[in-house]
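Participant:
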Ligand SMILES: Cc1cc2nc3c(=O)[nH]c(=O)nc-3n(C[C@H](O)[C@H](O)[C@H](O)COP(=O)(O)OP(=O)(O)OC[C@H]3O[C@@H](n4cnc5c(N)ncnc54)[C@H](O)[C@@H]3O)c2cc1C
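In my numbering, the protein residues as written are 7 to 302.
1) Quick one: what's residue 126 bridged to in DSSP?
2) Between the stretch 107 to 118 and the stretch 250 to 257, do at least 3 Cβ pairs fall closer than 8 angstroms?
3) I'd like to confirm the pairing. Which residues does DSSP put opposite residue 296 in its beta bridges?
4) Can you confirm whether the stretch 128 to 145 touches the stretch 277 to 292 when touching is taken to mean that 3 or more C-beta pairs between the two stretches lie within less than 8 angstroms?
5) Going straight from the alpha carbon of residue 70 to that of residue 145, what length do you get?
6) Counting along the chain, where does the beta strand (DSSP E) carrying residue 181 start and finish?
7) Could you say if the stretch 172 to 185 and the stretch 204 to 216 meet the contact criterion of at least three C-beta pairs nearer than 8 angstroms?
8) I'd like to confirm something about residue 209: is its beta-carbon nearer than 7 angstroms to some heavy atom of ligand 1, or not?
9) Specify whether the stretch 196 to 209 and the stretch 142 to 159 touch according to this definition: at least 3 beta carbon pairs, one from each stretch, less than 8 angstroms apart.
10) Note the first and the last residue of the continuous beta strand (DSSP E) segment covering residue 170.
11) Please look up how many angstroms separate the CB atoms of residue 219 and residue 235, rounded, as I've assumed it's under 8 angstroms.
12) Using a Cβ-based criterion (distance less than 7 angstroms to any ligand heavy atom), does residue 15 qualify as near ligand 1?
13) How about residue 102: is its Cβ closer than 7 angstroms to a heavy atom in ligand 1?
14) Along the beta strand (DSSP E) that carries residue 194, what are the first and last residues, could you check?
15) Check whether the stretch 192 to 208 touches the stretch 49 to 56, counting contact only when three or more Cβ pairs, one atom from each stretch, lie closer than 8 angstroms.
16) Whose C-beta lies closer than 7 angstroms to the C-beta of residue 101 among residues of the same chain, with five residues either side of it excluded?
17) By DSSP, does residue 73 sit in helix, in strand, or in coil?
18) Could you tell me the distance, in whole angstroms, from the CA atom of residue 227 to the CA atom of residue 91?
19) Does the beta-carbon of residue 302 have 16 or more other beta-carbons within 10 angstroms, so that it is buried, or is it exposed?
20) Residue 187 and residue 152: beta carbons closer than 8 angstroms?
The structure is reproduced here in structure tokens:
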């Protein structure tokens, strides 16, 4: 039995490497000033899907909703082993909260061929809500398991997975198709393959053609470039809201009941400090204190 896997991935600002003016004057994140990366736990989700394919066969399709530059993480997914990647991009999605995001993703998943398993990261490092995966499952009417650390068995009709929490573990069995959200401790994502980078380095969505034609003027027209990429399996589809038959009233600002009333900059300060001696005993005392405070 082979499995068709779908992985939902998000391009996020690299919040661990803040450069320049990270926040705008209105208190929103200045995405342009931060390097954009593959959401870390989405790499774990992709790795888990690739391992299912390695062990059982099937396909891995990677889908992201985002602006045109989100195609960068789709190319990265191809370099790491994905069979097919799709960008969901439309101005109508702008301003979506998690409810509207998960609705758009649900429409895109329904637009795919048959699937057995949907993988998400547990949480995105920018929005940080961990709501999108469970909401997509709910909207598709699928069973879901969150915090998945490993797949213990997969028999065509059911999957047994282990969930990991800070204070314990749980083993859960669900029927397929289902949606899993994957935690960082699940695996070590494989690196991009040099061979696949050579194959897919020119893969592009039609939304990038204008920029590419400036780099490669010899193609002359978007149509010629499109034919060239399509013949070589390098054309990344870019789906709009209409392509996935989405109800526009459920997208973007209009489809987003969440309203941000106020944003406060939180500055973490400590009013007490403690010094530990640089000795084995001091390090043991430090580790014990951090463990007791659930920091480690
Ligand atoms: C009122 C409001 C307006 C907003 N406007 C904007 C805006 O204009 N621009 C903007 O960038 N953000 C905007 N956001 C943020 C946006 O809601 C979230 O970034 C988005 O819904 C994902 O939520 P999250 O980051 O908490 O993801 P989580 O729920 O933490 O993500 C969990 C997992 O879901 C999957 N996932 C999440 N998002 C995507 C995606 N886009 N594509 C594929 N898979 C995904 C990934 O597997 C991810 O690991 C807005 C939020 C609110 C509340």
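Built from N, CA and C at the ideal position, the CB exists for glycine as well. In this text the structure is predicted, and so the values were computed from the model without any measurement.
Facilitator: On the basis of the supplied data:
1) Working through the chain shown from its first residue, we reach residue 126 at position 120. The partner list for residue 126 (beta bridge, DSSP) reads 14, 187.
2) The stretch 107 to 118 vs the stretch 250 to 257: in contact.
3) Taking the first residue of the chain shown as position 1, residue 296 is located at position 290. Residue 296 pairs with nothing; no bridge assigned.
4) No: fewer than three Cβ pairs fall under 8 angstroms.
5) Indexing the chain shown from 1 puts residue 70 at position 64. Indexing the chain shown from 1 puts residue 145 at position 139. Distance between the alpha carbons of residue 70 and residue 145: 17 angstroms.
6) Locating residue 181 in the chain shown gives position 175, counting from the first residue. Boundaries of the beta strand (DSSP E) harbouring residue 181: 174 to 181, taken from the DSSP string.
7) Touching, no, given that fewer than three Cβ pairs across the two stretches are closer than 8 angstroms.
8) Counting from 1 along the chain shown, the entry for residue 209 is found at position 203. Because no heavy atom of ligand 1 lies under 7 angstroms away, the Cβ of residue 209 does not count as near it: no.
9) Touching, no, given that fewer than three Cβ pairs across the two stretches are closer than 8 angstroms.
10) Indexing the chain shown from 1 puts residue 170 at position 164. Residue 170 -> beta strand (DSSP E) spans 164 to 171.
11) Locating residue 219 in the chain shown gives position 213, counting from the first residue. Locating residue 235 in the chain shown gives position 229, counting from the first residue. Taking the Cβ atoms as the reference, residue 219 lies roughly 12 angstroms from residue 235, outside the contact range of under 8 angstroms.
12) Stepping through the chain shown from its first residue, residue 15 is reached at position 9. Checking the Cβ of residue 15 against ligand 1 gives yes.
13) Looking up residue 102 in the chain shown gives position 96. Yes, the beta carbon of residue 102 sits closer than 7 angstroms to at least one heavy atom of ligand 1.
14) Counting from one through the chain shown, the residue named residue 194 turns up at place 188. Taken as a continuous stretch (DSSP letters only), residue 194 belongs to no beta strand (DSSP E), as it is neither H nor E.
15) With contact defined as three or more Cβ pairs closer than 8 angstroms, the stretch 192 to 208 and the stretch 49 to 56 are in contact.
16) Along the chain shown, read from residue 1 onward, the residue named residue 101 stands at position 95. Excluding sequence neighbours, residue 101 sits near 258, 259, 262.
17) Taking the chain shown and counting its residues from 1, one reaches residue 73 at position 67. Of the three classes helix, strand and coil, the one that applies to residue 73 here is coil, per DSSP.
18) Residue numbering aside, residue 227 sits at position 221 when the chain shown is read from its first letter. Residue numbering aside, residue 91 sits at position 85 when the chain shown is read from its first letter. Spanning the two alpha carbons is a distance of roughly 24 angstroms.
19) Locating residue 302 in the chain shown gives position 296, where the first residue counts as 1. Answer is exposed; the Cβ neighbour count stays below 16.
20) Reading the chain shown from its first residue, position 181 is the one you call residue 187. Reading the chain shown from its first residue, position 146 is the one you call residue 152. Going by beta carbons, residue 187 and residue 152 fall inside the 8 angstroms limit.
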